[in-house]
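*Asks:*
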Amino acid sequence: MFELSNKKFLHLLNSVFISLSTFGLFTFSNHTLAASNPPEYVDYLKIVQEERAWAGLTSKTLRVGDVVWSYSEGGDKNKPTVLLIHGLASSRDTWNNVAKSLTPYYHVIIPDLPSAGSTQVPENFDLSVPNVTEQLRRFIETAHIQDNLNIAGHSLGGTVAMFYAAQYPFDTKSLFLMSTGGIFKNNNTNYLKNPIYLKQLLITQKGDLDFVMKKVMFDQPFTASIIRNEQEKLFIAKAPDTAKIINQIDALNRLYTPTTFTTMVKNIEAPTLILWGNQDQIVNVDVANELKSILKRPEEPVLLNRVGHMPLLEAPERVADYYLNFLNKTQPLKNPLADQKMYK
Numbered sequence: 001m002f003e004l005s006n007k008k009f010l011h012l013l014n015s016v017f018i019s020l021s022t023f024g025l026f027t028f029s030n031h032t033l034a035a036s037n038p039p040e041y042v043d044y045l046k047i048v049q050e051e052r053a054w055a056g057l058t059s060k061t062l063r064v065g066d067v068v069w070s071y072s073e074g075g076d077k078n079k080p081t082v083l084l085i086h087g088l089a090s091s092r093d094t095w096n097n098v099a100k101s102l103t104p105y106y107h108v109i110i111p112d113l114p115s116a117g118s119t120q121v122p123e124n125f126d127l128s129v130p131n132v133t134e135q136l137r138r139f140i141e142t143a144h145i146q147d148n149l150n151i152a153g154h155s156l157g158g159t160v161a162m163f164y165a166a167q168y169p170f171d172t173k174s175l176f177l178m179s180t181g182g183i184f185k186n187n188n189t190n191y192l193k194n195p196i197y198l199k200q201l202l203i204t205q206k207g208d209l210d211f212v213m214k215k216v217m218f219d220q221p222f223t224a225s226i227i228r229n230e231q232e233k234l235f236i237a238k239a240p241d242t243a244k245i246i247n248q249i250d251a252l253n254r255l256y257t258p259t260t261f262t263t264m265v266k267n268i269e270a271p272t273l274i275l276w277g278n279q280d281q282i283v284n285v286d287v288a289n290e291l292k293s294i295l296k297r298p299e300e301p302v303l304l305n306r307v308g309h310m311p312l313l314e315a316p317e318r319v320a321d322y323y324l325n326f327l328n329k330t331q332p333l334k335n336p337l338a339d340q341k342m343y344k
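Have a look at this one:
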């Protein structure tokens, strides 16, 4: 959901900061901060570009209909493709720490979803989950990556990933769901029971970020004030778009019941990795086992202790290790629908 990271980058911008994390958010250990003098100005765009390069990614754009997609791409195009989908109030750069471990072995694509990051959409664009899923399919087809696609989604991105895998079971090679939202029987947080509560997590004015940090992460890293201020400004600028998406999540909850949502999930054929933080306050960890009971080909859920709603930022190395092992295991597997596809 919200982009904050504790990954240290000693090899990047050493003359400026001691460490660097996703989307221009820098974090410091207390002892190094005390010995350093943070600058008064930060070139955010340069920082983001440096981090993408560190992860083996380049930034690209692709127009598909009314949507001008911004996305990151890395790895060998001849290798299997992995599509990483970010969550609410987030962007593609949330995945950079994990992508660093994937690009040496896989072809990696990370789009900014419509209205997020730098992806451009018309003013009255339909931000509902079904339409975003359909627009994502058009992007995937235009990029020619639809065959045997490995899909990973975090939070709301996991919801989109489930809709995609259910609608395109022939083309989905594997699925990775991390702290995924949805309409489940075991929804035990206010944010799942009534998504309008997610508006409590909107960052609309100075000071809101502190409250949100405590909600979405279990053990938040220390962050230099100059960086925290810059990030807070970005969240404030995006708050109107985020509010529109929250309204669409609420609409989805009124459209589906746990029973009908389960029916949709049962259409997923792909082998599925499920990963959660035990201390997730946004999507309670009980959902992980519910997903396991619904899906056709689930792995045993991976539950990370002392991790909240942001495993990909709180524990990126562990997330990458589990995902790489899963990908390596699933690539030789045959899609049970493969024979049917030959006759379609």
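Numbered per the UniProt record's numbering, the sequence shown spans residues 1 to 344.
Idealized CB from N, CA, C, for every residue including glycine.
Leaving out five residues before and five after G56 in sequence, what residues of the same chain have Cβ atoms less than 6 Å from its Cβ?
*Replies:* Around G56: G74 and T103.
*Asks:* Among W276, D66, D241 and P80, which one has its Cα closest to the Cα of V108?
*Replies:* P80
*Asks:* Looking only at its chain, what residues have a beta carbon closer than 7 Å to the beta carbon of L337, apart from the 5 residues adjacent to it on each side?
*Replies:* P169, F170 and E269
*Asks:* According to DSSP, simplified to helix, strand and coil, what is A143?
*Replies:* coil
*Asks:* Kindly indicate which three-state DSSP category T94 falls into: helix, strand or coil?
*Replies:* helix
*Asks:* Of the choices L127, D250 and L209, whose alpha-carbon is the least far from that of N190?
*Replies:* D250
*Asks:* What span of residues does the beta strand (DSSP E) with L273 cover, start to end?
*Replies:* T272 to G277
*Asks:* Where does A290 sit, in a helix, a strand or coil, going by DSSP?
*Replies:* The amino acid occupying residue 290 in the given sequence is Glu; Ala does not appear at that position. It is helical.
*Asks:* Can you give, in chain order, each stretch of the alpha helix (DSSP H) that sits fully within the stretch 213–266 and has at least 4 residues?
*Replies:* 225–255 and 258–265
*Asks:* To the nearest angstrom, report how far apart M310 and N131 are at their CA atoms.
*Replies:* 25 Å
*Asks:* For a quick check, are the C-beta atoms of L177 and G207 less than 8 Å apart?
*Replies:* no
*Asks:* If you run the structure through DSSP and keep just helix, strand and coil, what is Y105?
*Replies:* coil
*Asks:* Which whole-angstrom value is the C-beta distance of S72 and I110, which I expect to be below 8 Å?
*Replies:* Confirmed, Cβ separation roughly 4 Å.
*Asks:* Extract the residue ranges of the beta strand (DSSP E) inside the stretch 166–191, only unbroken runs of 3 or more that lie entirely within it.
*Replies:* 172–178
*Asks:* For G158, name the three-state secondary structure that DSSP assigns.
*Replies:* helix
*Asks:* With a threshold of 16 other CB atoms inside 10 Å of the CB of S225, please say whether the residue is buried or exposed.
*Replies:* exposed
*Asks:* Would you call N328 buried or exposed, if buried means 16 or more other Cβ atoms sit within 10 Å of its Cβ?
*Replies:* exposed
*Asks:* What span of residues does the beta strand (DSSP E) with V68 cover, start to end?
*Replies:* V67 to G74
*Asks:* If I measure Cβ to Cβ from residue 357 and keep anything under 8 Å in the same chain, skipping five residues before and after, which residues do I get?
*Replies:* The structure shown does not extend to residue 357, since the chain is modelled only from 1 through 344, so no value can be given for it.
*Asks:* Looking at the secondary structure, which residues open and close the beta strand (DSSP E) in which I85 lies?
*Replies:* In the DSSP annotation of this structure, the continuous segment of the beta strand (DSSP E) that includes I85 starts and ends at T81 to I85.
*Asks:* In or out: G277 buried (at least 16 other Cβ within 10 Å) or exposed?
*Replies:* buried
*Asks:* Identify the continuous alpha helix (DSSP H) that holds R63 and give its terminal residues.
*Replies:* Where R63 is concerned, there is no enclosing alpha helix (DSSP H), although the beta strand (DSSP E) it sits in stretches over L57 to V64.
*Asks:* State the start and end residues of the unbroken beta strand (DSSP E) segment that holds V302.
*Replies:* V302 to L304
*Asks:* Which of helix, strand or coil does DSSP assign to Q200?
*Replies:* helix
*Asks:* Within a Cβ cutoff of 6 Å, which residues of the same chain sit near T119, ignoring the five residues on either side of it in sequence?
*Replies:* W69, S70 and D112
*Asks:* I need the DSSP call for L149, collapsed to helix, strand or coil.
*Replies:* strand
*Asks:* On the three-state DSSP scale, how would you describe Q281?
*Replies:* coil
*Asks:* How about the stretch 235–252 and the stretch 194–201: do they share at least three Cβ pairs that are nearer than 8 Å?
*Replies:* yes
*Asks:* Go through its chain and collect everything with a Cβ distance to N78's Cβ below 8 Å, but skip five positions before and after it.
*Replies:* Closer than 8 Å at Cβ, skipping near neighbours: H107.
*Asks:* Distance, Cα to Cα, A320 vs T58?
*Replies:* 19 Å
*Asks:* Determine the DSSP secondary structure at I110, reduced to helix, strand or coil.
*Replies:* strand
*Asks:* Under the three-state reduction of DSSP, which class applies to P311: helix, strand or coil?
*Replies:* helix
*Asks:* Please report the distance separating the alpha-carbon of M213 from that of L333.
*Replies:* 40 Å
*Asks:* Taking only three categories from DSSP, how would you classify Q49?
*Replies:* helix
*Asks:* Should E123 go down as buried or exposed, given a rule of 16 or more other Cβ atoms within 10 Å for buried?
*Replies:* exposed
*Asks:* Express the C-alpha separation of F222 and A35 in angstroms, rounding to a whole number.
*Replies:* Since pLDDT at A35 reaches only 41, below the 50 mark, its modelled position is unreliable, and the value read off the structure follows with that caveat. Whole-angstrom Cα-Cα distance: 15 Å.
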